[in-house]
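Residue numbers (our numbering): 741 to 1307.
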């Protein structure tokens, strides 16, 4: 109970502050939130929709949960669902260990929560945390079924968990679970005859098909031919690359994996080597982690977040390695290297004010170094960087950042002194919690006005309230304006010619443009008969609200001052 309480406290420190300090950040979080919002307000629970059209990219389970979470914190239901999912996932990891491995059972939850991948899933309202929770539950019940005298119930529970994971994101959960369960044949003593397992698997397969089919068949019938073709064809398209969705080369994860498992990367590498030397008790984890890594690399569609499906296996390997009683010289060296990196991050955090005060000199020095290797390089801050630098609050920079930097240093010192074992893990976890709080309380308030475009959306809502008919240029706004304007459907103009025709209307009309490049911004500002009503930033893109003269006449005093187009 004390260990479970500690896990809950860690989750609260890592995830709860993010509910209240920022808006929705692109690319995926706003879209998923908009689908859940439209499901809750539109009442169509069978086929997910966004901007009045069928959303054929994902099944509906996550959106059901996010719509329910919106009742607690509006527009943050997805974050609540993911935080709860990661908390449940962390608690479930302890159940994989035998009673003699109590130390590893206490370490695994904290390790999985403090990786970069774990923090991303818990802080952002994306689907991967829910998917991995059902994957872990399915593997756990499957291993219980293999070692049970009466495996029928456990196999049914395993397949129900996998069906829920399929309804959350898709059937990619099946091969990962199969890898782990096939590897489990090496270390799990089977007490039931083969026919009992076949019967359990058969019953579980029927339950799986029944649960998935209970939604899939009616949804395909209601959504129509185009919805059915896209929903059923996207997974093969992502695998083969025929569907251009985050297509990356085969070696993409080789560069992303070390970053995704920070700060446990070095320790995980040593744990994997140790597991290969003792393959029998660790074969199922190696099949899950290494086999899953190879499988994901074979898919054409790749994103760093997809590695979350092998994260639990990696955390279990690392926990088992760190819980070994006799530490060797390699483990001490790796723990101290990790502590040194964390100490450097703590020093940088404590000196945030000095870094911000000398940012120009640092950028000039970096430009000089880069030019040696890339003579054609031109130093240029990305759009919005100046606003982020100016957005740091004095309280966060002068007080919070140094205090949290000291906390990071304290955790790094504990890990350095302990050098190995559970005490070192506690020091690293303490440093990660302090870094997470620094992200939420110091960095996010500066980033959020740019990432979420809150001010621009507020201005757009003001013009809508005055009577302007708001439309979008190109359908790539992730449903943010639907939620902000409380509109199920907004008109979308796919080309500049369509936008010009819409602005020629005698009715008050305004169109939202998202400009990726300077020439696009110049084109929007020079549209014939158009008036700039508002502008802002969303990430690295300029947002413009262009209205016709009838819209500008609704509130002439509220017009934005003219700004020269960029050179």
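All residues carry an ideal CB built from backbone N, CA and C; glycine is no exception.
With a threshold of 16 other beta carbon atoms within 10 Å, residue 1135 falls short and is exposed. Straight across, the Cα-Cα distance linking residue 809 with residue 1223 is about 15 Å. For residue 1151, the enclosing alpha helix (DSSP H) covers residues 1141-1158. In the DSSP assignment, residue 1286 falls within the unbroken beta strand (DSSP E) covering 1281-1287. Between residue 1036 and residue 993, the beta carbon gap of about 6 Å places them in contact (Cβ cut-off 8 Å).
Residue 1061 and residue 869 have their C-alpha atoms spaced approximately 24 Å apart.
Taking C-beta atoms as the reference points, residue 768 and residue 872 fail to come closer than 9 Å. With contacts defined by Cβ atoms closer than 9 Å, residue 1010 and residue 1071 form a contacting pair. In this chain, residue 1188 is not harboured by any beta strand (DSSP E); it is covered by the alpha helix (DSSP H) spanning 1184-1191.
In the same chain as residue 975, and ignoring 5 residues on each side of it, the C-beta atoms closer than 8 Å to its own belong to 910, 911, 912, in chain order.
When secondary structure is reduced to three states using DSSP, residue 1199 falls in the helix class. Taking C-beta atoms as the reference points, residue 891 and residue 942 fail to come closer than 9 Å. For a cut-off of 8 Å, the C-beta gap from residue 944 to residue 899 is around 3 Å, short enough to register as a contact. Close CB contacts of residue 843 within its chain, under the 7 Å cut and outside five residues either way in sequence, are with 1063, 1162 (chain order).
Proximity to residue 1095 across 1074, 1079, 1141, 1053 peaks at 1141, based on C-alpha coordinates. Between residue 826 and residue 755, the C-beta spacing is below 9 Å.
By the criterion of at least three beta-carbon pairs nearer than 8 Å, the region 1280-1298 is in contact with the region 1194-1206. When Cβ pairs closer than 8 Å are counted between the two stretches, the region 955-973 is seen to touch the region 783-802, the count reaching three or more.
774 is the residue among 1030, 1085, 774 whose C-alpha sits nearest the C-alpha of residue 791.
With respect to residue 830, residue 750 sits close: the two C-beta atoms are nearer than 9 Å. At least 9 Å separates the beta-carbon of residue 762 from that of residue 1195. With a cutoff of 9 Å on beta-carbon distance, residue 1144 and residue 1174 are scored as near each other.
Distance between residue 1021 and residue 917, taken at the CA atoms: about 17 Å.
The shortest CA-to-CA distance from residue 1033 to any of 1050, 1129, 1186 is the one to 1050. For a cut-off of 8 Å, the C-beta gap from residue 1133 to residue 1189 is around 12 Å, too long to register as a contact. Shown here, residue 1047 sits in a helix according to DSSP, grouped into three states. For residue 1054 and residue 1164, the gap between their C-alpha atoms comes out near 18 Å. In terms of CA proximity to residue 996, 1044 leads the group 1026, 823, 968, 1044. With contacts defined as CB atoms closer than 9 Å, residue 834 and residue 874 fail to qualify as a contacting pair.
Across the structure, residue 1213 and residue 1243 are spaced so that their CA atoms are roughly 12 Å apart.
Here the C-alpha atom of residue 877 lies approximately 55 Å from the C-alpha atom of residue 1299. Shortest Cα-Cα distance from residue 804 to any of 832, 934, 902, 955 involves 955.
With 16 or more neighbouring CB atoms inside 10 Å of its own CB, residue 1233 falls in the buried class. The shortest C-alpha to C-alpha distance from residue 1052 to any of 1007, 851, 904, 926 is the one to 851. Exclusion of the five residues before and after residue 848 leaves 833, 834, 1055, 1056, 1059 as the residues of its chain whose Cβ lies within less than 7 Å of its Cβ. Ranking 1085, 856, 937, 860 by CA distance to the CA of residue 885 puts 937 first.
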